[in-house]
Structure formats: structure tokens, C-alpha cells
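Contents: one structure, followed by commentary.
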DNA sequence: TCGCCGCTATAACATAGTTATCACAGCGTC
DNA sequence: GACGCTGTGATAACTATGTTATAGCGGCGA
């Protein structure tokens, strides 16, 4: 957080945390969910976890390290939700189920979603490792897309690129829904449904 | 910026600014474009404009007021680009031209786009007036959509809701492109093209 | 038992947004 | 023409932030 040019490197996100570390993460997540990104300060996180601010630095290398953990945790949850959807004989239905799971994740974790996609914490930019994780999650979707392609339900094309298109469409709708842009008259869940049918018919 | 609960009210964005005011806005815009949102500080804006920080408060009510101006300016440019596209006899082509103009705006003004859609400046949330402007811009798109519907090129549906769907799709693609999520191998301009054809075929 | 190492809390530092203070210019009034 | 008011703007002070330095404390090995 000091200088943008210095190379960033936070403790590996996957490592097992001690109780203070997990308390800090939980406190940060709760703060973010309850009071928004502006409330996510090092002192408040430490206070909520009942420890001193130094723990944030010794364990996470600073505020951005905590945010990185939240970022990664978000993508892990998203990926877990995606993989938990068993493949059926109907690839298109599977794709739609994935889409619904995506929206559910975003609606249920709006602040986490903001961390992942809105750069809502100033100065935090994901590390290459975190970027890689996001790419992996996209790969999960690409697998579903490819299955639908081989089944003939979707026109043949680059699966990754097509997955990016599907992802972008879903992301665009929930993103605008969460930001409450435009008139409140818009029925966003309905728009989301139409987006998914648009995808399967438009890419057939 | 002091408290989130207090009602916000910035000077009307449409009023003619004096030279100091416009200097401040230009300085803020330049800072945002050159050094990113983190560099957008009151002191730096004032320094770049060659005046004291107080001017930011007397003219814009604080940092958020400056950001609000940028937000509004962004939507005005976007709306201007939209209205500058003359309606032809081919409503679908017009819609695609609008889509291309949308992406061009986003790519040409990435930081402005971030202010408008990413909440990249901490604590700033658009005022109801700014929200209204965003809704108006959506209405411009809805007009194009409705024209395509009456021409039979798009299936009949609520124009505003459909415009929201179109907007969300375009926004989703450029948003992911600008954030550089996923593998760099993705050809985002191509994805955008495919998104637009997906829209017109999927909503036909 | 002594001494060193690591961890944690406290306090200090730089910078942020914001607000208070104060000097000064412009103008009306006597 | 001089005095005082008003209002603008520059300076400096205030609170809060991320971060870093300092110092105390305990635990472990010798």
C-alpha cells in the first residue's frame, strides 16, 4: 500500500492460518459485509478480532494482503459452487444451472463480489497468483461450454473465449443490478433469466 | 466524505464553472487518467490547478463533489456519443453502431468508466440526480431497442428492460476486458463482436 | 539461571479528507 | 475619503488512515 511500483507479494493464500489469522479474516469479511469497504480499516479489523494492528502486518503483510485473501476466498467459493453442480445429460441445462449459481453467489455475497470485480478497495490489485485463480475459475465454465458444444447445443468456437462471453454477460447483469444503476423499475432477476436464454439461443 | 449517513448534496453539475472550477476538474481528470484513482487527492488536485485545497470545498463541497462531476461528465459524453449516431433504415445496424461506440468510450476513457461503474473512488456513491442521468442514458438505448422491435428485428418485449439487458452485456464484456481478469489469451474485441451478434440473434 | 529470539502491543510517522482560523481585497456607508 | 463589513481563499490544525519503529514480554536452548 506504500508504493504502487514496489512488487507485491503476500503470504501464500492457501496456507493454514492460525486462530488469530482466521479471526482477522472473519472480522474483515464481517466488516466488509456489514459496513462496506470504507469500514475496512486495519485498526477496525484488529479491534474486531481483539488483537493489535501489528497482527495484520505480520500475517498478511498489510491491508492489501487481507483483501487478497478475501479476493481468493471469493473465487474459491465461486469455483466450489460451480464444481458442485453435477453434469447431467443436458449440457444446456447445466450451463443455466451454473448461471443461476453465479447470480446467487453474487447476490448472497455482494461485498465479496465487489472485491473480486469492482476494485472497491483502493490501491488493491490482485497478484498474478490471484489472477491465475480467476482464470482457473473461468476454465471451469469453459469445460461446461465445451461439453455443450460437443453436444451440438452450442455452435463450435473457442471454448475459453465463449466462456468469457458467457461470464461477461452474467457479470454484466449482476454488476448493474448490484450497483442499482438506472431506474428501479427494472426487474433484474427477469433480465438475468432473459440473458441466459439469449446466450443459449444466440450461441446455438 | 465525513459520514455516510448525512445527506449528500453537491453543487449542481450543470452550472457554468469559473476558470478555477474548470481548472480543478481538468486537473482531477488528468490525475485520474495518468496516475489512477489513488492519486486523486484533494491536495494534488489543488496543486495541479495551482490553487489551495479550499477551492475544492468551496466549489465542489469536497472530494466527492469533484468525483460526482466526473461521473456526470462521463455519462454526458456517453449520451452524446449515443445521440450522435444518426438513425438509419437499419435499426439493427444502428444498435450495433451504438454498441461499438459504447466500447470505444470505455476503452478511450478507462478511468472515467471506472468512476462510473466500478465505484473506484472510496465512499463515493452517486447522488440521485446522477443516478437519474444514468437512467436517462439507458433511455436513449431503449429508444434504439424499441425501434428495432417495431421493425420486427427484435422480439417484442419491454424496451427498457431489453435495453438494460443489452447494456449489461456490453458492460460485462468491457468491464472484464478493462480489469484484465482471466488469461490474457482472450481476444476481447472479438468477444465483444460476438456479444453483439449474440444479442441480435438471441433477441430476434 | 542466563541470554537470545520471536511475537505482540504501543507509540510514532506520513498522508489523507476536512474544518477552523485568519488575512486581505472589494464594496457600501458615513 | 475613511471606516467597517462581507466574503473569498490560503494557511494551519484536527481526525483518521496505512505503515513502520520501538520496546516489552514470554519461551526456549545452553
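Residue numbers (our numbering), protein chains in the order written: chain A, 5 to 208; chain B, 5 to 208. In this text, a Cβ means the ideal position worked out from N, Cα and C, and glycines have one as well. This structure is a prediction, so every number in the text was calculated from the model and none was measured.
Test: residue i CB closer than 8 Å to a CB of chain B
i: residue 195 of chain A; result: yes
i: residue 86 of chain A; result: no
i: residue 175 of chain A; result: yes
i: residue 156 of chain A; result: no
i: residue 116 of chain A; result: no
i: residue 126 of chain A; result: yes
i: residue 80 of chain A; result: no
i: residue 34 of chain A; result: no
i: residue 131 of chain A; result: no
i: residue 187 of chain A; result: yes
i: residue 160 of chain A; result: no
i: residue 169 of chain A; result: yes
i: residue 164 of chain A; result: yes
i: residue 74 of chain A; result: no
i: residue 205 of chain A; result: yes
i: residue 183 of chain A; result: yes
i: residue 202 of chain A; result: yes
i: residue 180 of chain A; result: yes
i: residue 191 of chain A; result: yes
DSSP-derived helix/strand/coil call for residue i
i: residue 51 of chain B; result: helix
i: residue 45 of chain A; result: coil
i: residue 194 of chain A; result: helix
i: residue 179 of chain B; result: helix
i: residue 187 of chain A; result: coil
i: residue 142 of chain A; result: helix
i: residue 160 of chain A; result: coil
i: residue 136 of chain A; result: helix
i: residue 199 of chain A; result: helix
i: residue 31 of chain A; result: helix
i: residue 39 of chain B; result: helix
i: residue 22 of chain A; result: coil
i: residue 208 of chain B; result: coil
i: residue 155 of chain B; result: coil
i: residue 150 of chain A; result: helix
i: residue 17 of chain B; result: Confidence in residue 17 of chain B is poor, its pLDDT being 46 and thus under 50, which makes the residue's placement unreliable; the coordinate value appears in the next sentence. Residue 17 of chain B falls in the coil class under three-state DSSP.
Short CB-CB distance (under 8 Å) between residue i and chain A
i: residue 67 of chain B; result: no
i: residue 6 of chain B; result: Residue placement at residue 6 of chain B cannot be trusted, given a pLDDT of 48 that sits under 50; the coordinates are not used to answer.
i: residue 147 of chain B; result: no
i: residue 153 of chain B; result: no
i: residue 137 of chain B; result: no
i: residue 172 of chain B; result: yes
i: residue 144 of chain B; result: no
i: residue 83 of chain B; result: no
i: residue 89 of chain B; result: no
i: residue 17 of chain B; result: Note that residue 17 of chain B scores a pLDDT of 46, beneath 50, so its modelled location is shaky; the value from the coordinates is reported in the next line. Not an interface residue.
i: residue 199 of chain B; result: yes
Cβ contact check for the segment 122-135 of chain A and the segment 58-78 of chain A: 3 or more pairs under 8 Å: Touching, yes, given that three or more Cβ pairs across the two stretches are closer than 8 Å.
Runs of alpha helix (DSSP H) lying entirely within the segment 53-132 of chain B, each at least 4 residues, in chain order: 58-64, 67-87, 95-112, 114-121
The segment 158-168 of chain A contacting the segment 160-172 of chain B, beta-carbon criterion three pairs below 8 Å: In short, these stretches do not touch, since the Cβ pair count stays below three.
Positions along the segment 96-122 of chain B whose CB lies within less than 9 Å of some CB in chain A: 118, 120, 121, 122
The segment 178-190 of chain B in contact with the segment 182-192 of chain A per 3-pair CB rule at 8 Å: no
The segment 86-101 of chain A contacting the segment 126-140 of chain A, beta-carbon criterion three pairs below 8 Å: Output reads no: the segment 126-140 of chain A does not touch the segment 86-101 of chain A.
Segment contact flag, the segment 170-178 of chain B with the segment 106-118 of chain B, C-beta cutoff 8 Å, min 3 pairs: yes
Near-chain B residues of the segment 36-48 of chain A (beta-carbon distance less than 8 Å), N- to C-terminal order: 40, 41, 42
Stretch-stretch touch, CB-based, cutoff 8 Å, three pairs: the segment 190-205 of chain A with the segment 194-205 of chain B: Judged by Cβ distances under 8 Å, the segment 190-205 of chain A makes contact with the segment 194-205 of chain B, as three or more pairs qualify.
Touching by the beta-carbon criterion (3+ pairs, under 8 Å), the segment 32-39 of chain B and the segment 135-145 of chain A: Per the Cβ contact rule, the segment 32-39 of chain B is not in contact with the segment 135-145 of chain A (fewer than 3 Cβ pairs under 8 Å).
Any 3 or more C-beta pairs closer than 8 Å across the segment 44-56 of chain B and the segment 23-31 of chain B: Touching, yes, given that three or more Cβ pairs across the two stretches are closer than 8 Å.
At least three beta-carbon pairs within less than 8 Å, the segment 88-97 of chain A to the segment 148-156 of chain A: yes
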